[in-house]
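One structure is given below, encoded as structure tokens.
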Amino acid sequence: MTTDQEVVQLLATRHPFHDLDAIDAGQLSDDEVGTIPRWWIDAQTSSNPVDVALRAWENAVPGQLPRVTRIIRDAAPTLRLCRATLSEGGRTAVVLAYIFGEAHPSYFQVAYGLAPLPQNEIPLFAAGIDHGLKTFYTTVQNGFFNEDPIGLMPAQDMPRISNFGEAADFEYVGQSRDPVSNELRFVEIVESELPDIDQLVGVCRDASDNAVALDTRDDTGRVWEMWHGGLERVDKTLWEAIDEWVTRLFGIDDNQ
């Protein structure tokens, strides 16, 4: 837990918005109340706000983020409603801050979730988007990111991988197990199995602009990881990849 003074300091210096103010539930306008889930308000008065939050996470994506939810439960961050000014024009939105504090030496001293998106405002969720991801973004919160922002990106900021270059600019690799040594090795992807990079959507990013990308051409849930100059096809579900990446951003090794 963090003190009120620490909360004020962290919120003042560690956010990606034009401006940010912590608020109480009683300061919400009727319109603002209509944009957020009831559990955001319930968490402000609960004796165990983290449990309220993680129940909502579990209802949306049951069992899909075991390492991340364990980290959140163990760290017991302070949860605060905030009013974010999103632009110089003064447009505001309610956000939920997970305040882990200076005691947690990771990228996530504060993490944020924007209010869930209405179904008709999700820009990148087409037929190929994972159903659980859509549920999380429309019922729990829009992203889980820090001030950079890195982490699980807001839906409106999820880029198509084609934004980072032409198809020929990337090296495409997969992993195969050596039949003799049983060691994993990188292999080139044959042309017939190459992705359409305009249909690869970045979902989670790290501080170096590497990303977990989902192939949205169909509903098979193929996952790629984008590293500098390369795309690696990985044998993981989308949620396994997100759980692994966000765990690393908390400064915890993959294998813990």
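Okay, so the sequence shown: first residue is 4 according to this note's numbering, each after it adds one. Just so you know, even glycine gets a beta-carbon here, dropped at the ideal spot from N, CA and C.
Quick check: the Cα distance between GLY262 and LEU68, rounded to an integer number of angstroms? With the chain covering only 4 through 259, there is no way to say anything about residue 262.
How is GLU260 classed by DSSP in three states: helix, strand or coil? Within the shown structure, residues of the chain are numbered from 4 to 259, placing residue 260 beyond reach of any answer.
Identify whether ASN258 lies in helix, strand or coil by the three-state DSSP scheme. Residue confidence for ASN258 is low, a pLDDT of 47 falling below 50, so the modelled location carries little weight; the figure read from the coordinates is stated next. Assigned with DSSP and collapsed to three states, ASN258 falls in coil, not helix or strand.
Reduced DSSP secondary structure (H/G/I, E/B, other) of GLU150: Three-state result, GLU150: coil.
For VAL11, count neighbouring Cβ atoms within 10 angstroms of its own Cβ and tell me buried if that reaches 16, exposed if not. Under this definition VAL11 is an exposed residue.
Would you call the CB atoms of VAL98 and LEU14 closer than 8 angstroms? Their beta carbons are not under 8 angstroms apart, which means VAL98 does not touch LEU14 by this criterion.
Go ahead and pull the three-state DSSP assignment for GLU174. In the structure shown, GLU174 adopts extended strand secondary structure according to DSSP, grouped into three states.
Kindly indicate which three-state DSSP category GLY3 falls into: helix, strand or coil? Look at the range of the chain in this structure, 4 to 259, and you will see that residue 3 is not part of it.
Quick one: what's TYR101 bridged to in DSSP? For TYR101, which the question treats as bridged, DSSP gives the partners LEU82, ALA114.
Output needed for PHE20: all residues of its chain with C-beta closer than 7 angstroms, excluding positions within five of it in sequence on either side, in chain order. For PHE20, where only same-chain residues beyond five positions count, the Cβ hits under 7 angstroms are ALA87, THR88, LEU89.
At a cut of 8 angstroms, does the stretch 25-38 reach the stretch 68-86 through at least three beta carbon pairs? Counting Cβ pairs under 8 angstroms, three or more are found: they touch.
Candidates GLY233, ASN62, THR142, VAL204: closest to GLN159 by CA position: Comparing C-alpha distances from GLN159 to each of GLY233, ASN62, THR142, VAL204 shows the shortest one belongs to VAL204.
Residue environment, VAL193, which counts as buried when at least 16 other CB atoms sit within 10 Å: By the Cβ-count criterion, VAL193 is exposed, with fewer than 16 other Cβ atoms from all chains shown falling within 10 Å of its own Cβ.
Cβ neighbour criterion (16 or more within 10 Å) applied to VAL71: With 16 or more other Cβ atoms within 10 Å, it is buried.
Using the C-alpha atoms, what's the distance from GLY233 back to MET156? Between MET156 and GLY233, the C-alpha separation is close to 21 angstroms.
Going by C-alpha distance, which of GLU61, PRO152, HIS134 is nearest THR223? Sorting GLU61, PRO152, HIS134 by C-alpha distance to the C-alpha of THR223 places HIS134 at the top.
ASP209 versus TRP60, ILE75, LEU57, MET161, residue with shortest Cα-Cα distance: Selected option, being the one with the closest Cα: MET161.
Please report the straight-line C-alpha distance between ARG163 and GLN202, rounded to a whole angstrom. Each residue's alpha carbon lies about 7 angstroms from the other.
Looking at PHE103 and ALA63, is the spacing between their C-beta atoms short of 8 angstroms? Not closer than 8 angstroms, so no.
Beta-carbon spacing of ARG236, GLY168 below 8 angstroms: ARG236 is not a Cβ neighbour of GLY168, given a cutoff of 8 angstroms.
Just to confirm, are GLU196 and VAL215 a CB contact at a threshold of 8 angstroms? Their beta carbons are not under 8 angstroms apart, which means GLU196 does not touch VAL215 by this criterion.
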